[in-house]
Amino acid sequence: MARRAVTSVTIAGVGGQGIILASDIVAEAARCAGWEVKKNEVHGMAQRGGAVTSEVRFGERVHSPLVPDGEVDALVALEILEALRHAHRLREGGVVIASDLRIRPAVRPAGAPEYPADVVQRLRRAARRLVLVRATELAQQAGNVRAANTVLLGALSRHLDLPLAAWRAALGAVGPRLLEVNLRAFEMGRALRPARARA
13 MARRAVTSVT IAGVGGQGII LASDIVAEAA RCAGWEVKKN EVHGMAQRGG AVTSEVRFGE
73 RVHSPLVPDG EVDALVALEI LEALRHAHRL REGGVVIASD LRIRPAVRPA GAPEYPADVV
133 QRLRRAARRL VLVRATELAQ QAGNVRAANT VLLGALSRHL DLPLAAWRAA LGAVGPRLLE
193 VNLRAFEMGR ALRPARARA
């Protein structure tokens, strides 16, 4: 991704998926690379599997942690419907990096919409650049299913102007206990082919 005055990353998912930790890693990688960083998060009903969103902005000068709609450079989603819910916030040329995981509510209130069967097709229409990742499967291969967030960060690293050394330092600073697993998961995500814009 080309260098912009401020780069904005939105990470979305449901409670318990490690959204806040993932945004901490992005923020720390940006700090390690020498950028000013601001971060915000919305927990919602995180303890009950509700939606959680965290945003990171970095650049030479960052005035606000809030990302206006239409200015998200990269959307990372740990659940595919959450990717679709936030896709409208992308800037022109922005990228979506989404896990193919589907988390259907255990209880659906009367009148609530069904989980869309065509969520992938809708997401492909909403995002010109999409990287769809088998993040849970790759995390299992790396040694811990909970490292799906780190798999997605590896894929994200191909689209941000942050050096690899900064990512590795951030992974070590934020999660030293599981560093070996996280480095494997990160490298698996990084090895995925970058997304191409649709014609």
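Numbers in our numbering are just positions in the sequence shown, counted from 1, shifted up by 12. Just so it is clear, CB atoms sit at the ideal spot from N, CA and C, and this is done for glycine as well. None of these values were measured; they are calculated from a predicted model.
Give the DSSP-derived three-state secondary structure of residue i in the structure shown.
i	result
residue 89	strand
residue 102	strand
residue 166	helix
residue 71	strand
residue 174	coil
residue 8	With the chain covering only 13 through 211, there is no way to say anything about residue 8.
residue 113	coil
residue 158	helix
residue 96	helix
residue 141	strand
Going by DSSP, name the residue or residues bridged to residue i.
i	result
residue 25	64
residue 76	DSSP output for residue 76 lists no bridge partner at all.
residue 52	67
residue 19	70
Candidates the options: which alpha carbon is nearest residue i's?
i	options	result
residue 39	183, 107 and 152	183
residue 21	144, 79 and 44	79
residue 54	41, 46, 35 and 47	35
residue 77	85, 51, 126 and 204	51
residue 188	109, 37, 141 and 25	37
residue 70	43, 87 and 64	43
residue 28	47, 90, 45 and 112	90
residue 104	74, 112 and 85	85
residue 81	75, 99, 65 and 66	99
residue 72	111, 159, 141 and 173	173
residue 148	68, 192 and 110	110
residue 19	186, 196, 87 and 159	87
So residue i and residue j are in contact, right, with Cβ under 8 Å, and what is the actual spacing, rounded?
i	j	result
residue 161	residue 30	4 Å
residue 204	residue 167	5 Å
residue 164	residue 201	6 Å
residue 150	residue 108	That belief does not hold up - the Cβ atoms of residue 150 and residue 108 are roughly 17 Å apart, past 8 Å.
* Asked: Between the stretch 178-198 and the stretch 122-132, do three or more beta carbon pairs fall short of 8 Å?
  -> no
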